[in-house]
Amino acid sequence: DRAQRVADRAEPLKKQRFVKITDQKVILDEVSIQRARESAGYKGYVTNIASEVMDGHAVVAAYHDLWKVEQSFRMAKADLRARPIFHRTRDAIEAHLTVVFAALAVARHLQDVTGMSIKKIVTTLRPLRTVTVAIGDHEMLVEPTISDAARAVIDAINSG
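Residues 4 to 163 (my numbering) make up the sequence shown, in order.
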């Protein structure tokens, strides 16, 4: 339908999949439309891994887990605030990346054992701060009151 509207010039021309432009004439590309209809519902996977190493089912299974990698990058950027680095030496760059990936591994573990997002875990546990109050020569440790939500997170972490 959209391709027909473009061909009729009822809709502005952008890069359309099913439209051909020949000699300033805009027409429907019937061959492309038919090919798309025949392959509707099929999905292809391209890999450079030899079939002897990984069969088709394994490729599809690996592709289905790709969302975990994408989620990790989003987590590193948003929750862990990983940003571009301005280190010059190889040791400094490797140290920075090691810290980021270690934090990512810990964050993934916390998510797995609690079933909560890192943001939710941090929000729940942030109020739990112990304070040392010094009055004269006496020091007193003031511990926080642990909410039920915080207790659930702590218990999940301890059991995980």
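Just so it is clear, CB atoms sit at the ideal spot from N, CA and C, and this is done for glycine as well.
| Query | Result |
| --- | --- |
| For Leu131, name the three-state secondary structure that DSSP assigns. | coil |
| Going by the DSSP bridge assignment, what does Met143 pair with across the sheet? | Val136 |
| Which of the three DSSP states, helix, strand or coil, is assigned to Lys122? | helix |
| Is the beta carbon of Val145 closer than 8 Å to that of Leu128? | no |
| Just to confirm before moving on: does the CB-CB distance between Ile96 and Leu113 stay below 8 Å? | no |
| Which full runs of the alpha helix (DSSP H) of 4+ residues lie inside the segment 35 to 103, going along the chain? | 59 to 67, 69 to 81 |
| Tell me the DSSP secondary structure of Ile157 in three-state form. | helix |
| Quick one, which of Lys23, Gln27, Thr148, Lys28 has its alpha-carbon nearest Ile36's? | Lys23 |
| Along the chain, where does the beta strand (DSSP E) that runs through Thr25 open and close? | 22 to 25 |
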